[in-house]
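Take a look at the structure below.
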Amino acid sequence: MRGLHLHFSNRFERLADRLVDALAAPGGSVFEAPAVIVPSSAVRRRLTLDAASRHGICANVRFDYLAAWLWSRAVEHLGLGRSRSPFEVEPLSWRVFAALSDAGWVERHPRLARYVARADLPMRHELACRIAQVLNHYTTYRTDWLEAWQAGGTPALGALPEDARGDARWLAALWRRIAAELGTTGPNPLEVFARDVADAAIESIPGLPERLHVFALPAIAPLHLRVLHALGRRIRVDVYVQNPCAEYWFDVVDPARLAWLAARGKADHHEVGHRLLAAWGRQAQSQLQLLVDALDAPVETAEFDEPGGDTLLATLQRSMLALDEPGPGSIALADDDRSLEVHVCHSTTRELEVLHDRLLGMFAADPSLRAADVLVVVPDIEAAAPLVDAVFGSVPAARRLPYAITGRAGSRANEVARVLLDVLALARSRWHASEVHALLSRPLVAARFGLDAEALERVRDWIAESGFRWGADAAHRVALGLPGTRGHSAADGLERLFLGYALPDGAALPFAGRLPAGDPQGAEARALGAAWRFVESLRALQAALSGERPIAAWTRAIDDALQAFVAQDAREPEAWLAVSRGVRELDAPIPAGLADAPMPFELALIALRRRLDASSPGGVPSGAITFASIHDLREGDRARGHATEIGRAHV
Numbered sequence: 026m027r028g029l030h031l032h033f034s035n036r037f038e039r040l041a042d043r044l045v046d047a048l049a050a051p052g053g054s055v056f057e058a059p060a061v062i063v064p065s066s067a068v069r070r071r072l073t074l075d076a077a078s079r080h081g082i083c084a085n086v087r088f089d090y091l092a093a094w095l096w097s098r099a100v101e102h103l104g105l106g107r108s109r110s111p112f113e114v115e116p117l118s119w120r121v122f123a124a125l126s127d128a129g130w131v132e133r134h135p136r137l138a139r140y141v142a143r144a145d146l147p148m149r150h151e152l153a154c155r156i157a158q159v160l161n162h163y164t165t166y167r168t169d170w171l172e173a174w175q176a177g178g179t180p181a182l183g184a185l186p187e188d189a190r191g192d193a194r195w196l197a198a199l200w201r202r203i204a205a206e207l208g209t210t211g212p213n214p215l216e217v218f219a220r221d222v223a224d225a226a227i228e229s230i231p232g233l234p235e236r237l238h239v240f241a242l243p244a245i246a247p248l249h250l251r252v253l254h255a256l257g258r259r260i261r262v263d264v265y266v267q268n269p270c271a272e273y274w275f276d277v278v279d280p281a282r283l284a285w286l287a288a289r290g291k292a293d294h295h296e297v298g299h300r301l302l303a304a305w306g307r308q309a310q311s312q313l314q315l316l317v318d319a320l321d322a323p324v325e326t327a328e329f330d331e332p333g334g335d336t337l338l339a340t341l342q343r344s345m346l347a348l349d350e351p352g353p354g355s356i357a358l359a360d361d362d363r364s365l366e367v368h369v370c371h372s373t374t375r376e377l378e379v380l381h382d383r384l385l386g387m388f389a390a391d392p393s394l395r396a397a398d399v400l401v402v403v404p405d406i407e408a409a410a411p412l413v414d415a416v417f418g419s420v421p422a423a424r425r426l427p428y429a430i431t432g433r434a435g436s437r438a439n440e441v442a443r444v445l446l447d448v449l450a451l452a453r454s455r456w457h458a459s460e461v462h463a464l465l466s467r468p469l470v471a472a473r474f475g476l477d478a479e480a481l482e483r484v485r486d487w488i489a490e491s492g493f494r495w496g497a498d499a500a501h502r503v504a505l506g507l508p509g510t511r512g513h514s515a516a517d518g519l520e521r522l523f524l525g526y527a528l529p530d531g532a533a534l535p536f537a538g539r540l541p542a543g544d545p546q547g548a549e550a551r552a553l554g555a556a557w558r559f560v561e562s563l564r565a566l567q568a569a570l571s572g573e574r575p576i577a578a579w580t581r582a583i584d585d586a587l588q589a590f591v592a593q594d595a596r597e598p599e600a601w602l603a604v605s606r607g608v609r610e611l612d613a614p615i616p617a618g619l620a621d622a623p624m625p626f627e628l629a630l631i632a633l634r635r636r637l638d639a640s641s642p643g644g645v646p647s648g649a650i651t652f653a654s655i656h657d658l659r660e661g662d663r664a665r666g667h668a669t670e671i672g673r674a675h676v
């Protein structure tokens with residue numbers, strides 16, 4: 026049956042069960058995979074596990090993100106030939122960066138020019154990324170602004186200070202420039218697609234499935250809502266929504282908000298409801314109201330489960346479900362009620378120590394509780410990750426709990442990525458002897474050059490005895506703007522070590538004006554040769570990373586560095602493959618016209634970090650205690666997802 030169908034529930038599991046039932050229902054073509062729109066990789070993984078646990082397998086289901094799915098349908102219908110939207114943040118950021126690097130264009134906008142004049146390359150790139158995010162949001166939330174800018178006008182922005190109006194002027198000029206480059210001076214393709222789908226005179230729209238499932242998205246852009254509304258005239262669209270309240274709560278505000286509205290004469294139809302719901306549920310409230318009002322769709326199912334028990338947490342959940350705020354002192358706490366706990370700790374480390382002890386107590390008290398049932402949410406996963414390892418990874422085996430840290434940037438969490446970035450950094454540095462040996466001692470690098478622990482210890486002694494302190498050679502020092510002396514460089518130290526190997530034992534006199542060092546003998550030549558190969562490879566990489574080149578040339582140079590310096594660990598092949606794939610796809614988000622332009626290596630390095638960090642979803646169930654950032658759970662990866670309940674225990 027065509028149309029939009031809303032499914033409400035206060036439980037993620039209820040919505041997941043209804044979706045799994047719908048996917049297993051008979052009907053439809055066996056050659057067409059059901060289309061399921063999800064907000065994040067975590068939700069996709071959860072649904073896959075739910076379907077597999079119910080039916081033994083999850084297959085022939087196509088999971089996608091809403092923006093990407095709608096764009097692919099639109100370009101297929103309009104014949105645009107673009108598999109990816111040019112308004113995605115990554116490709117758009119490169120076009121913005123090109124505009125910020127155009128001195129003539131920037132000078133025409135004094136407020137922007139003042140900032141760019143003081144910004145180095147990383148700062149300009151960061152600004153370009155932030156501007157691209159804003160423009161990306163405008164393509165779905167402020168289409169009227171973009172249309173006004175494209176027509177050369179200005180939208181009604183109300184009373185704004187002059188600085189803000191200045192920003193609006195250069196942002197409008199930037200949008201017109203980018204639209205001209207993309208050839209998208211006409212209406213937004215999604216707007217055209219929505220209009221054509223809603224047009225009954227157009228008999229067929231290619232690429233549409235018989236049924237579309239939109240699952241647990243916390244926010245849907247107005248433009249995407251219009252497209253879904255239009256799709257409901259041709260196919261069945263099921264929208265699964267988490268709703269914490271069974272009552273009509275769209276006009277509920279907290280007391281402070283009500284007072285603010287009353288002072289401006291806008292308090293009509295608003296009332297104070299459950300303060301926790303009004304304060305913490307504003308995003309869900311706005312989204313639910315948009316769905317009900319904009320889609321004009323009936324609520325097909327509303328399955329609300331009332332939490333059982335008399336605990337504090339259950340009482341609060343029931344009060345929000347019924348929109349009935351408990352009065353002060355109305356909840357009597359049992360002595361053993363630990364359903365909702367607040368711990369005040371003096372540091373993050375102490376918080377994690379308390380958490381570890383509480384989890385041990387929870388597992389001891391409830392044998393049915395599994396590590397996979399626990400999700401730990403932190404505000405900053407990068408800052409917390411080393412502390413999590415220090416607390417959870419250093420306890421005795423008898424008290425050890427399985428855990429997994431998800432959502433960390435690939436450039437930090439992946440050892441192969443860290444080694445590769447350190448290799449690239451060292452090649453462009455002053456080559457301090459301690460840093461050279463530290464890199465050579467990294468297990469993946471040492472394995473690549475065939476050095477064991479004993480050989481590395483010997484190489485360290487040789488470095489000290491050879492007099493190598495810094496610099497590759499005299500030419501390297503000249504390139505750094507320093508005197509071109511050769512003494513105490515890597516080249517000088519290696520020559521002295523080679524003399525020590527070639528000359529007879531105990532030779533103490535200079536040979537051709539150079540003293541031998543190290544006295545390597547016999548089989549130690551293998552370690553000496555490995556050290557020489559490492560230095561020569563580093564010298565070749567140093568030359569390869571100089572000047573300005575197109576991104577394809579930088580891709581080859583970085584891939585050569587990966588192959589030359591980093592061994593493939595048989596215990597973790599996925600790490601090496603992930604980095605290799607990221608390097609090969611370095612130029613993927615860069616528009617064709619910009620990819621051919623020479624760029625400095627610093628810019629290619631920024632692009633590399635972004636590619637390595639792009640494939641690090643957070644909150645994905647791991648089979649152990651899962652640590653994740655609250656931002657990953659709220660925003661998802663690239664699709665901007667939502668915080669979902671994984672398992673049954675939340676800490």
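Counting in my numbering, the sequence shown runs from 26 upward without gaps.
By construction, the Cβ of each residue, glycine as well, lies at the ideal position given by its N, Cα and C atoms.
Bear in mind the structure is a predicted one, so any value in this text is a computation, not a measurement.
query, result
"Alpha-carbon to alpha-carbon, R636 and R581", "15 Å"
"Buried/exposed call for N439, threshold 16 Cβ in 10 Å", "buried"
"G654 (DSSP reduced to helix, strand or coil)", "Residue identity check: residue 654 is Ser in the sequence provided, not Gly. Strand, per DSSP."
"C-alpha distance - L302 paired with I245, whole-angstrom precision", "20 Å"
"CA-to-CA distance, P332 to A343, given in whole angstroms", "In the sequence under discussion, the amino acid at residue 343 is Arg, which differs from the Ala named in the question. Their backbone Cα atoms lie some 6 Å apart in a straight line."
"Whole beta strand (DSSP E) elements within the stretch 326-404, 3-residue minimum", "399-403"
"Straight-line Cα distance separating P642 from H656", "11 Å"
"Closest Cα partner of V121 within the set D169, L207, F37, R511", "L207"
"Proximity to E573 [Cα-Cα], best of D544, F417, M624", "M624"
"Range covered by the beta strand (DSSP E) that runs through R236", "236-240"
"CA nearest to the CA of A409, picked from F652, A84, D585, G129", "F652"
"C-alpha gap between L365 and T336, whole angstroms", "8 Å"
"Alpha-carbon spacing of G177 relative to A92, whole angstroms", "27 Å"
"Cβ distance (whole Å) where R494 is taken to contact A458 below 8 Å", "5 Å"
"Collapsed DSSP secondary structure at M148 in the structure displayed", "helix"
"Three-state class that DSSP yields for V61 in the structure shown", "strand"
"CB contact flag (W601, Q588, <8 Å)", "no"
"Helix, strand or coil at V676 according to DSSP, with G and I counted as helix", "Note that V676 scores a pLDDT of 34, beneath 50, so its modelled location is shaky and nothing firm can be said."
"CA nearest to the CA of Y756, picked from L250, R220, D498", "The question about residue 756 has no answer here: the residues shown for the chain are numbered 26 through 676."
"Exposure of R87, with buried meaning 16 or more beta-carbon neighbours within 10 Å", "exposed"
"Secondary structure of A537, DSSP reduced to three states", "coil"
"Integer Cβ distance of L346 from A271, believed to fall under 8 Å", "5 Å"
"First through last residue of the beta strand (DSSP E) which encompasses I203", "I203 -> not in any beta strand (DSSP E); alpha helix (DSSP H) instead, spanning 187-207."
"Nearest-angstrom Cα separation, counted from A480 out to P545", "11 Å"
"For F474, the nearest candidate out of S491, V560, Y526, L412 (CA to CA)", "V560"
"Inter-residue Cα distance where the pair is Q308 and R143", "38 Å"
"Residue ranges of each alpha helix (DSSP H) within the stretch 593-620, 4 or longer", "598-609, 617-620"
"Selected residue, minimal CA-CA separation from R259, among E235, F33, V277", "E235"
"C-beta atoms of A595 and L476 nearer than 8 Å", "no"
"For H462, the nearest candidate out of W557, I203, P353 (CA to CA)", "W557"
"Any beta strand (DSSP E) of 3 or more consecutive residues that is wholly inside the stretch 38-110", "60-62, 87-89"
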